[in-house]
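These notes are about the structure you will find just below.
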Amino acid sequence: MSDSAETPSFLSRLFLAWVAYFRTLFDGEFAAGVVRLRAGQPALPPPRELDAPKKVEEKQKPEKKKKAKPAPVIKEAGPEAALQLLGLLQREGRFIDFLEEDLGGASDADIGAAARVVHDGCKKAVREHFTIAPIHEQEEGARVRVEAGYDAHTLRLTGNVVGEPPFEGELVHRGWRVTDVRLPKMSEKHVPDVLAPAEVELS
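For the sequence shown, position 13 matches number 10 in the working numbering, and the numbering has no gaps at all.
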């Protein structure tokens, strides 16, 4: 963004914060961009440099055929669990109502009060049905050592990554891991795509 870009309003920043919160939770690539921004780096990773073409020797030894690696198994996630989570966030924090509300004419004070209610309710829903713990024990900002054989699923290296481990750097984000899931069991008659039924008050 250029320096001439206008600073987003409070309303825009509030909506962006809610959208970014849940996208960071469920989108690993987006979360990696957030980590890079917090480290003062561009959100998008730098392009990989192409390897320089290797010189072809006049007499090459016949190369041994490498065994083809088995293709990774792609797991297709069903929508039921995600829909169930959205339903819980709606029930406890009116999350969908808040996102679908037209806040153009609302004051910052009204939006702030509504955001507090949504935040408290969604926080209650998450803590009631999930146990979430930090991946790294050190506090953010501490100097840490990354040994060889580290788990790339739980630790992402950013910045000037050159050579082979061990590495030393600053812990920018501790990471989060779900250690327990306690979603309610659904009956056969449950319709997961109905996040909240319509309500009719009889007179």
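In this text, a Cβ means the ideal position worked out from N, Cα and C, and glycines have one as well.
_When you compare the stretch 22 to 35 with the stretch 162 to 173, are there three or more beta-carbon pairs, one atom per stretch, that lie closer than 8 Å?_
Counting Cβ pairs under 8 Å, three or more are found: they touch.
*Three-state secondary structure (DSSP) at G166?*
Strand, per DSSP.
*Alpha carbon to alpha carbon, what distance is there between A195 and P20?*
In the sequence under discussion, the amino acid at residue 20 is Arg, which differs from the Pro named in the question. Going from the Cα of R20 to the Cα of A195 covers about 27 Å.
*Could you tell me whether the stretch 75 to 93 touches the stretch 114 to 126, using the rule of 3 or more Cβ pairs below 8 Å?*
A contact exists between the stretch 75 to 93 and the stretch 114 to 126.
_DSSP bridge partner residues for I129 (one or two, in chain order)_ = In the DSSP assignment, the residues bridged to I129 are V175.
*Nearest candidate by alpha-carbon position, reference W173, set F127, P67, R142 and D190*: For the residues F127, P67, R142 and D190, the minimum Cα distance to W173 belongs to F127.
*asked:* Using DSSP's beta-bridge definition, name the partner residues of V143.
replied: Beta-bridge pairing links V143 to F164.
_Of the residues L154, I132 and M183, the one placed nearest A36, counting alpha carbons only_ = Closest option to A36, Cα to Cα, is L154.
*Whole-number beta carbon distance between A145 and E237, since they are thought to touch under 8 Å*: No answer is possible for residue 237: the residues shown for the chain start at -2 and end at 200.
_Can you find the residues in the same chain that come closer than 7 Å, C-beta to C-beta, to G147, ignoring five residues on each side of it along the sequence?_
One point to set straight first is that residue 147 is Tyr, not Gly, in the sequence displayed. Non-local C-beta neighbours of Y147 in its own chain, meaning closer than 7 Å and more than five positions away in sequence, comprise P162, ordered along the chain.
_Rounding to the nearest angstrom, what Cα-Cα distance links L199 and V191 in this structure?_
Their Cα atoms are separated by approximately 22 Å.
*Do the stretch 127 to 142 and the stretch 101 to 111 make contact, defined as three or more Cβ pairs closer than 8 Å?*
Output reads no: the stretch 101 to 111 does not touch the stretch 127 to 142.
*Taking DSSP as the reference, what is the three-state secondary structure of Q87?*
Helix at Q87.
*DSSP-derived helix/strand/coil call for D190*: Here D190 carries a coil assignment [DSSP, helix/strand/coil].
*Can you tell me which of the three DSSP states Q81 falls into?*
Assigned with DSSP and collapsed to three states, Q81 falls in helix.
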